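So the protein lines, in turn, are chains A and B. The first sequence maps to residues 135 to 373 in this note's numbering. The second sequence maps to residues 135 to 373 in this note's numbering. By construction, the Cβ of each residue, glycine as well, lies at the ideal position given by its N, Cα and C atoms. All figures in this text were calculated on a predicted structure; none of them were measured in a lab.
2 protein chains.
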Amino acid sequence: MVSNERVGRSLLRQEVSERIKRYILDNRLRPGSPLPTENELCAALGASRSSVREAIKTLDALDIVEVRHGHGTYVGGLSLSALVEGLTFRGLLSPNDDFAVLSELVDVRELFERGNAAAIISALDGPHLDTLDDLASSMGTAVDADRVVADRRFHALLVNPLGNELVSQLTDAFWDVFTAVAPRLGLTPSDQDPVRLHKAIVHAARAGDSLAFADAVVAHYAPIRTRVAAARHAQSIRN
Amino acid sequence: MVSNERVGRSLLRQEVSERIKRYILDNRLRPGSPLPTENELCAALGASRSSVREAIKTLDALDIVEVRHGHGTYVGGLSLSALVEGLTFRGLLSPNDDFAVLSELVDVRELFERGNAAAIISALDGPHLDTLDDLASSMGTAVDADRVVADRRFHALLVNPLGNELVSQLTDAFWDVFTAVAPRLGLTPSDQDPVRLHKAIVHAARAGDSLAFADAVVAHYAPIRTRVAAARHAQSIRN
DNA sequence: CTCAATTTGTTCGTATGTATG
DNA sequence: GCATACATACGAACAAATTGA
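This is the structure:
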């Protein structure tokens, strides 16, 4: 009696997932907008609660929907949390060469700042530069936890003036993955004169010298790169 | 008998998800390695079938595990498929300014090639350059579908010699998102002399001129940028 | 504050579809 | 064709969280 017109090729929960996405798009919902309850979705889509829930969990993992226990289901924030979780796990799994992912991550993080040198410099204004300088200074006096927070904020503010939301979120995401993976692989933070390395970037930006800016960015990542390479080499010897 | 020491803060399926990830890491499994069956996981983790299945669906969405109907559950390929699906959905949802995501995507795609100009040039060898030339040529004669395939392959091969798996996968991912979102927003491909624009990149690489390479990359994305900007402007007028 | 209503979380039992030998 | 092992799907019941009367 149940409408059984779905062909065998596709899985039901995939269909349900697609239809929930289409529901959001067709109704032009925004992040935070409420979705129908699970039971309403069951009735509307002609699927059991289990299938609807599994579909919702898939969308939840991608931050396309967000589920609040006892409250309801809502359109998600569309963040890059799935990228962070996936890359973090990959970084922890990499066989035989755990540090390859870290090494590649440093390359990409450097690219985002070095490759946008000219655009960043022309977009940075005075107050912004002062904030960056303050953050760099705080890396000398603050305790470890605060220093890490300041570092994350520094690199986020560095690319924010570009006005590219995707670049900003990717910058945060890669920073998050790196700081999540590195310690779990036994890699301690470099902390090699962070104040000077960060201030050099700000100084070059203030001078409007994009070549010096790029050099300062490279210099900033150099000690990190060295530490990763050393750990990588030590591991390759062990194997 | 069941360890019920989980405090209220965490959801059971989250715990199950974490423990499955730890199982993979602790046993040093590789992509493709088989995981215990659902029933075995239920017994091992003291959770019901539904909770285990919902946890697995979460990990499946991140390509951390891969489920084959009637076959079993395996460690996933750890691809960036979740990033592609998430960004694609974001591109289709963006309120009032659908083309902002496309515009940002072009920036990032250009950055990956322009910002790595020097490294790409020094890593490219003769045969590689010949392949790129052939791909560029095929964009003139081939039908639409083949032309798209050639374009994807061209940009993939351009960054591949860097030897950075993450860069290669991100390049593919951003290309996939762009080509998935653009047509659904009514944006037709630019196709403005693709042979010349791509050959110019290869030519600059062959000459070992990283400045010319960067310029050629910018020129390549210029018509795409123009089309996106035009569509964006037209939309802002409508609203 | 307590109670009731709503909604998601979790469990269990059963039946079906799929792949392998 | 058959048997086995596995994931898929359904439905009913109860638990836990949140909100508001």
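Interface residues of chain A facing serine 256 of chain B [CB-CB closer than 9 Å]
Result: empty, since nearest Cβ-Cβ is about 15 Å, beyond 9 Å.
Minimum C-alpha distance to valine 282 of chain A - residue among A/Ala216, A/Gly210, A/Pro317 and A/Asn294:
A/Pro317
What number of angstroms, rounded off, separates the C-alpha of leucine 193 of chain A from the C-alpha of glutamate 200 of chain B?
16 Å
With C-beta atoms as the reference, is leucine 239 of chain B less than 9 Å away from leucine 319 of chain B?
no
Which residues bound the beta strand (DSSP E) around valine 199 of chain A?
199–202
So which residues on chain A does lysine 155 of chain B lean against when the C-beta distance must stay under 8 Å?
Phe223
Kindly list the residues whose CB is nearer than 7 Å to the CB of alanine 338 of chain A, restricted to its own chain and excluding five residues on each side of it in sequence; keep chain order.
Ala346, Phe347 and Ala350
Where alanine 363 of chain A meets chain B, residues with beta-carbon distance less than 7 Å
Per Cβ cutoff of 7 Å: no residues; alanine 363 of chain A is ~14 Å from chain B at best.
Interface residues of the segment 172–183 of chain A facing chain B [CB-CB below 7 Å]:
none
Sequence-distant residues of the same chain with beta carbon closer than 7 Å to glycine 342 of chain A, five excluded per side:
Ile255
Taking the alpha carbon of valine 293 of chain B as the point to measure from, which residue in B/Thr275, B/Asp327, B/Ala252 and B/Met273 has its own alpha carbon closest?
B/Ala252
Does glutamate 139 of chain A pass the burial test, meaning 16 or more other C-beta atoms within 10 Å, or should it be called exposed?
Model confidence at glutamate 139 of chain A stands at a pLDDT of 44, short of 50, so the residue's coordinates are unreliable; what they give is reported in the following sentence. Glutamate 139 of chain A comes out exposed.
Please classify glycine 166 of chain B: is it buried, with 16 or more other beta-carbons within 10 angstroms of its beta-carbon, or exposed?
exposed
Examine chain B for any beta-carbon lying closer than 9 Å to the beta-carbon of glycine 249 of chain A, and answer yes or no.
yes
Specify, as a first and last residue, the run of the beta strand (DSSP E) that proline 207 of chain B falls within.
The sequence shown places threonine at residue 207 of chain B, not proline. Element bounds for threonine 207 of chain B: 206–209.
DSSP state of proline 165 of chain A, grouped into three classes?
coil
Write down the C-beta distance between glutamate 244 of chain B and valine 336 of chain B rounded to the nearest angstrom, noting that I regard them as a contact closer than 8 Å.
Their Cβ separation, rounded to whole angstroms, is 17 Å, which puts glutamate 244 of chain B and valine 336 of chain B out of contact at 8 Å.
What are the start and end residues of the alpha helix (DSSP H) that includes valine 336 of chain A?
328–341
Nearest to arginine 183 of chain A by CA position, among A/Val150, A/Arg156 and A/Lys155, is which residue?
A/Val150
Residue range of the unbroken alpha helix (DSSP H) whose run includes serine 272 of chain A
260–275
For valine 192 of chain B, which residues in chain A fall below 9 Å Cβ to Cβ?
Residue identity check: residue 192 of chain B is threonine in the sequence provided, not valine. Going along chain A in sequence order, the residues near threonine 192 of chain B (Cβ under 9 Å) are Lys191, Thr192, Asp194 and Ala195.
Short of 7 Å in beta carbon distance, which residues of its chain neighbour arginine 287 of chain B, apart from the five on each side in sequence? Order them along the chain.
Leu269
Which of helix, strand or coil does DSSP assign to aspartate 232 of chain A?
coil
With respect to the alpha helix (DSSP H) encompassing alanine 181 of chain A, which residues constitute its N-terminal and C-terminal limits?
Counting along the chain, alanine 181 of chain A falls outside any alpha helix (DSSP H), and DSSP gives it neither H nor E.
Residues of chain A with CB under 9 Å from arginine 202 of chain B, in chain order?
Within 9 Å Cβ-Cβ: nothing; arginine 202 of chain B doesn't reach chain A, min ~11 Å.
Could you work out which residue in A/Phe312, A/Val242 and A/Val209 is closest to leucine 226 of chain A when comparing CA atoms only?
A/Phe312
In chain B, which residues lie less than 9 Å from glycine 206 of chain A when you measure between Cβ atoms?
Simply none; closest approach about 16 Å.
Name the residue from B/Asn161, B/Ile154, B/Leu163 and B/Lys191 whose alpha carbon lies nearest to the alpha carbon of glutamate 174 of chain B.
B/Ile154
CB-CB under 7 Å to alanine 82 of chain A, same chain, minus the five flanking residues each way: which ones, in chain order?
No answer is possible for residue 82 of chain A: the residues shown for chain A start at 135 and end at 373.
Cβ-Cβ distance between alanine 284 of chain A and tryptophan 309 of chain A below 9 Å:
no
Which bits of chain A does asparagine 298 of chain B rub up against, with CB to CB less than 7 Å?
Glu238 and Asp241
At least one CB of chain B closer than 9 Å to the CB of phenylalanine 288 of chain A: is that the case?
no
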